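J.: The following block contains the structure, expressed as structure tokens.
Residue numbers (my numbering): 770 to 993.
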């Protein structure tokens with residue numbers, strides 16, 4: 770069921786920082802946020818995922834040969850790496866060279882395009898939330914090769930990992946979806962991530978969740 774990407778080494782691209790970011794302990798609402806993460810994820814898991822994941826899994830298997838889930842190492846809080854789960858949306862290729870998905874990417878299956886547009890490919894990440902790797906709302910976790918491009922060179926880039934990464938985030942509901950093929954796009958995403966971290970609250974998380982649901986219903990053309 771699992772497709773593993775870049776799992777042969779846990780330190781392939783970047784070294785895990787030894788320091789703890791100052792903003793990590795600055796948020797007093799962390800307990801309420803964690804409780805919300807757990808309760809919401811459990812409700813979604815029992816009410817939606819238990820029947821929807823098997824149906825989507827069957828559709829994925831019928832649409833293209835290969836596993837249902839795609840597993841990829843990504844960067845989490847304080848730079849610690851974790852295995853991030855997604856529904857597979859691409860064809861299986863033998864090469865493992867990292868390449869961001871692009872618009873009209875030939876690797877993306879027909880079903881995969883729909884899953885990406887509606888964000889349904891992210892549903893397995895509720896398991897990451899329950900396991901404590903992620904939160905419902907936070908900066909999106911990047912693949913390790915993408916982090917390696919900016920970790921030591923882009924100012925304030927590492928600050929986005931002072932909190933748990935999220936299934937959704939302020940940057941995403943503000944249009945920062947798709948590939949970050951220019952420094953300007955990545956810098957804009959980092960600015961929004963840093964603004965969220967500095968201003969995060971339970972109320973803001975609820976707003977971002979609501980905006981995310983609205984975008985899912987509308988479909989996001991930037992999600993490729």
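Cβ atoms here follow ideal geometry from the backbone N, Cα and C, with glycine treated the same way. Please read all numbers here as calculations on a predicted model, not as lab measurements.
Kindly identify the DSSP beta-bridge partner or partners of residue 935.
T.: Start at 1 with the first residue of the chain shown, and residue 935 comes out as number 166. The partner list for residue 935 (beta bridge, DSSP) reads 904.
J.: Would you identify the three-state DSSP class for residue 855, choosing helix, strand or coil?
T.: Taking the chain shown and counting its residues from 1, one reaches residue 855 at position 86. It is a strand residue.
J.: Are the Cβ atoms of residue 807 and residue 833 separated by less than 7 Å?
T.: Counted from its first residue, the chain shown places residue 807 at position 38. Counted from its first residue, the chain shown places residue 833 at position 64. It is not a contact, given that the beta carbons lie outside the stated cut-off.
J.: What does the Cβ neighbour count give for residue 921, buried or exposed, with the cut at 16 atoms within 10 Å?
T.: Looking up residue 921 in the chain shown gives position 152. Exposed is the call here.
J.: What does the alpha-carbon distance come out to for the pair residue 963 and residue 819?
T.: Here residue 963 refers to the residue found at position 194 when the chain shown is read from its first residue. Here residue 819 refers to the residue found at position 50 when the chain shown is read from its first residue. Distance between the alpha carbons of residue 963 and residue 819: 35 Å.
J.: With C-beta atoms as the reference, is residue 945 less than 7 Å away from residue 958?
T.: For the purposes of this step, residue 945 is taken as the residue at position 176 of the chain shown. For the purposes of this step, residue 958 is taken as the residue at position 189 of the chain shown. Their beta carbons are under 7 Å apart, which means residue 945 touches residue 958 by this criterion.
J.: Would you say the stretch 826-843 touches the stretch 796-805, given that touching needs at least three Cβ pairs under 8 Å?
T.: The stretch 826-843, when compared against the stretch 796-805, does not touch it at the 8 Å Cβ threshold.
J.: Give every residue of the same chain whose Cβ lies closer than 7 Å to the Cβ of residue 961, excluding the five residues on either side of it in the sequence, and list them in chain order.
T.: For the purposes of this step, residue 961 is taken as residue 192 along the chain shown, with counting starting at 1. For residue 961, where only same-chain residues beyond five positions count, the Cβ hits under 7 Å are 939, 940, 943 and 945.
J.: Which class does residue 922 belong to by DSSP, given the choice of helix, strand or coil?
T.: On the chain shown, residue 922 is found 153 positions in, with the first residue counted as 1. Correct three-state label for residue 922: coil.
J.: Can you give me the Cβ contacts of residue 877 inside the same chain, cut-off strictly under 6 Å, excluding the 5 residues immediately before and after it?
T.: Taking the first residue of the chain shown as 1, we reach residue 877 at position 108. Closer than 6 Å at Cβ, skipping near neighbours: 858 and 859.
J.: Would residue 936 and residue 913 qualify as a contact pair, given that the criterion is a beta-carbon distance under 7 Å?
T.: As a first step, residue 936 is located in the chain shown; it is residue number 167 there, counting from the start. As a first step, residue 913 is located in the chain shown; it is residue number 144 there, counting from the start. Cβ distance not < 7 Å, so residue 936 and residue 913 don't count as in contact.
J.: Three-state secondary structure (DSSP) at residue 892?
T.: For the purposes of this step, residue 892 is taken as the residue at position 123 of the chain shown. Note: residue 892 maps to coil in three-state DSSP.
J.: For the candidate residues 886, 895, 932 and 881, whose alpha-carbon lies nearest to that of residue 837?
T.: Mapped onto the chain shown, residue 837 falls at position 68. Nearest option by C-alpha distance: 881.
J.: Return the residue from the list 856, 835, 907 and 927 that minimises the CA-CA distance to residue 841.
T.: The residue labelled residue 841 in the question sits at position 72 within the chain shown. Per the Cα distances, 856.
J.: Which whole-angstrom value is the C-beta distance of residue 810 and residue 932, which I expect to be below 8 Å?
T.: The count along the chain shown starts at 1 and reaches residue 810 at position 41. The count along the chain shown starts at 1 and reaches residue 932 at position 163. Not a contact, Cβ separation roughly 17 Å.
J.: Which runs of the alpha helix (DSSP H) at least 4 residues long sit entirely within the stretch 952-982? Give them in chain order.
T.: Taking only runs of at least 4 residues, the alpha helix (DSSP H) segments lying wholly in the stretch 952-982 are 952-968.
J.: Within 10 angstroms of its Cβ, does residue 801 collect 16 or more other Cβ (buried), or is it exposed?
T.: Position 32 of the chain shown, counted from the start, is the residue given in the question as residue 801. It is exposed - the Cβ of residue 801 has fewer than 16 other Cβ atoms within 10 Å.
J.: Note down the Cα distance separating residue 948 from residue 816, rounded to an integer number of angstroms.
T.: For the purposes of this step, residue 948 is taken as the residue at position 179 of the chain shown. For the purposes of this step, residue 816 is taken as the residue at position 47 of the chain shown. Near 32 Å, if we compare the C-alpha coordinates of residue 816 and residue 948.
J.: With residue 842 as the anchor, note down where its beta strand (DSSP E) starts and where it stops.
T.: Position 73 of the chain shown holds residue 842. 838-844 is the span of the beta strand (DSSP E), which, as asked, contains residue 842.
J.: Could you pull the start and end residues of the alpha helix (DSSP H) that residue 830 belongs to?
T.: As a working note, residue 830 is residue 61 in the chain shown. Segment 819-832, the alpha helix (DSSP H) holding residue 830.
J.: Can you tell which of 951, 851 and 907 has its C-alpha closest to the C-alpha of residue 967?
T.: Taking the first residue of the chain shown as position 1, residue 967 is located at position 198. Ranking the options by Cα distance to residue 967, first place goes to 907.
J.: When the Cα atoms are used, what is the spatial distance from residue 918 to residue 981?
T.: Counting from 1 along the chain shown, the entry for residue 918 is found at position 149. Counting from 1 along the chain shown, the entry for residue 981 is found at position 212. Their backbone Cα atoms lie some 28 Å apart in a straight line.
J.: Kindly give me the distance between the Cβ atoms of residue 923 and residue 956, rounded to whole angstroms, as I take these residues to be in contact under 8 Å.
T.: For this step, residue 923 is matched to residue 154 along the chain shown. For this step, residue 956 is matched to residue 187 along the chain shown. The pair is a contact, with the Cβ atoms about 7 Å apart (cut-off 8 Å).
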